[in-house]
Amino acid sequence: MALVLPVMALSACGGDGDSSTEGEAGSRQDDITVWAHQGQASEAKALQDAVSSFNSSQNDVTASLKLIPDADYTKTITATDPSDLPDVLEFDGPTMANFIYNKKLTPISSFVSSDTVDNATDGIKDQGTADGKLYALGMYDSALGLYGNKNLLDNAGVNYPKGLSDAWTADEFLDALKALASKDSDGKVLDIQEDTGLGTEWGTYGFSPILWSAGGKLIEDNKATGVMDSPDAVDAFEKFQSWKPYVDPNTGGNAMTSRRVALSWVGHWLYPTYSKALGDDLVIMPLPDFGLGPKSGQGSWAWGLGAETEKGDAAGKFLDFLLNDKNVTAMTNANGAPPGTKSVLATSALYKAGGPLQLFAEQLDKPCGDSDITKSCVAVTRPVTAGYPVITTEFSSAVNAIWGGTDPKSALSKAARAIDQDYADNDDYQLN
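Each number in our numbering corresponds to the 1-based position in the sequence shown with 1 added.
Printed below as a string of structure tokens:
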């Protein structure tokens, strides 16, 4: 599952906070090296085709692509000296700030065209911006929601949300679970991808929207205490914990496709599988509203330049090509993700107005960034901070502990204290 990201492989220290390293422009006729993660076969082919098309489209730059296995990718970048990194590299969005802190990335605005930057969605630019500088752009984004089995919902007499404006409240969501359970042989009516493991990046990506919707944050002003474990956050996770009797452990990964459950809390990446299995019975809803409106995570793999590249102009020319409509369309057709450019998102068969995943596009069209989380926005960027590895490790561990029966206040406060201590030990991970 694409969103279980290996951010724990990152070094949480080692930089001195001076992020002034910047690549050189060089010549637009330089050959360049490119690193990318080797994801699913369809993604790899789309990328290989894009590189081949770029090389054959002009005679000035030849891009040499190296695919690195997904499980090893972030560890490889982390272990590689900045001087040995490629000119262009892909990386998972939440890892960006840590790579900047460790002098592995350079700002890209001087090298990519303004048209390319302007065509990026706001969420993609939020994810790729640190300390006011743009370091990354992505071909695609991500989104979360509730998938529902319309037949099972109707049979239980459950009225379900049709859009963001009528999202279930947390209490209404629990009422729906109870109504569904009363018509279900084992009472297990919800899938939360428990088989993936809540103590992983899925625990953070999948359930930080509960925190945000309750008015909490993973971190604010370099402090987690008081925002991650606020009274409203604790109350929200007490409600989360109360769902356990209604959750199918998803053994075998087929709780939704076998029609065992009526609801599945997951992201865009399972739409193709669910659509094939449920057909017209599949409906898509926002996550529940815990008080500050429904929220969703966003962000995914992105592209940037190695900090010590001497071929910035040639690398920028490659990124301009990679992020054109043809290549973004091919990649998002391959993986089903929300396009990361305005032009492709508006015309995507899945995400355009009237498309089956229009709700996800509407969420992404209401970005919060990573700090200004209000009732009027929906899609929240995971904190753009070099300390993200410890944030996600501690928060996902807290989510897992809460699910296992630990008192939510105790679990969240323990995580918050560990995060605060790590920030104190690392001078708040200041990039300047």
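Note that beta-carbon positions come from the ideal geometry of N, C-alpha and C, so glycine has one too.
- Non-local C-beta neighbours of residue 225 in its own chain, meaning closer than 6 Å and more than five positions away in sequence, comprise 417, 420 and 421, ordered along the chain.
- Counting the other CB atoms within 10 Å of its CB gives residue 49 a total below 16, which places it among the exposed residues.
- Per DSSP, reduced to three states, the secondary structure at residue 265 is strand.
- The three-state reading of DSSP puts residue 70 in strand, counting E and B together.
- The DSSP-derived three-state label of residue 197 is helix.
- Residue pairing of residue 92 in beta bridges, as defined by DSSP: 303.
- Three or more Cβ pairs closer than 8 Å define a contact, and the segment 76-93 meets that threshold against the segment 300-316.
- Annotation: the segment 126-199 contains the following complete segments of the beta strand (DSSP E) (minimum length 3 residues), in chain order: 145-150.
- Judged by their CB atoms, residue 124 and residue 368 are nearer to each other than the 8 Å cut-off.
- In the structure shown, residue 48 falls within a helical segment according to DSSP collapsed to helix, strand and coil.
- Every beta strand (DSSP E) of 3 residues or more that sits fully in the segment 368-413 is shown, in chain order, as 368-370 and 380-382.
- Beta-bridge annotation (DSSP): residue 340 is paired with 141.
- In the structure shown, the three-state DSSP call for residue 353 is coil.
- Here the segment 112-132 makes no contact with the segment 63-75; the two share fewer than three CB pairs at distances below 8 Å.
- Annotation: residue 205 is outside any beta strand (DSSP E); the continuous alpha helix (DSSP H) that includes it extends over 202-214.
- Residue environment analysis places residue 41 among the exposed positions, since fewer than 16 neighbouring C-beta atoms fall within 10 angstroms of its C-beta.
- DSSP places residue 244 in the coil class of the three-state scheme, outside both helix and strand.
- Using a C-beta cut-off of 8 Å, the segment 357-373 makes contact with the segment 278-288, since at least three inter-stretch Cβ pairs fall below that distance.
- Taking C-beta atoms as the reference points, residue 171 and residue 290 count as a pair closer than 8 Å.
- Straight-line spacing of the CA atoms in residue 44 and residue 111 works out to 28 Å.
- The beta carbons of residue 97 and residue 385 sit about 7 Å from each other, so the pair counts as a contact at 8 Å.
- Its Cα nearest to that of residue 145, the residue 266 stands out among 266, 133 and 247.
- Taking the Cβ atoms as the reference, residue 147 lies roughly 6 Å from residue 264, within the contact range of under 8 Å.
- Contact between residue 174 and residue 400 is absent: CB atoms are separated by about 17 Å, not below the 8 Å threshold.
- At least 8 Å separates the beta-carbon of residue 413 from that of residue 241.
- Out of 350, 301, 415 and 377, the CA that lies nearest to the CA of residue 122 is found in 301.
- Taking a contact as a CB-CB distance under 8 Å, the pair residue 338 and residue 269 counts as one, their CB atoms being some 6 Å apart.
- Rounded to whole angstroms, residue 336 and residue 167 show a C-alpha spacing of 29 Å.
- When the alpha-carbon of residue 210 is set against those of 407, 343, 297 and 351, the nearest one is in 297.
- A distance below 8 Å separates the beta carbons of residue 189 and residue 249.
- In the DSSP secondary-structure assignment, residue 36 is bridged to 67 and 90.
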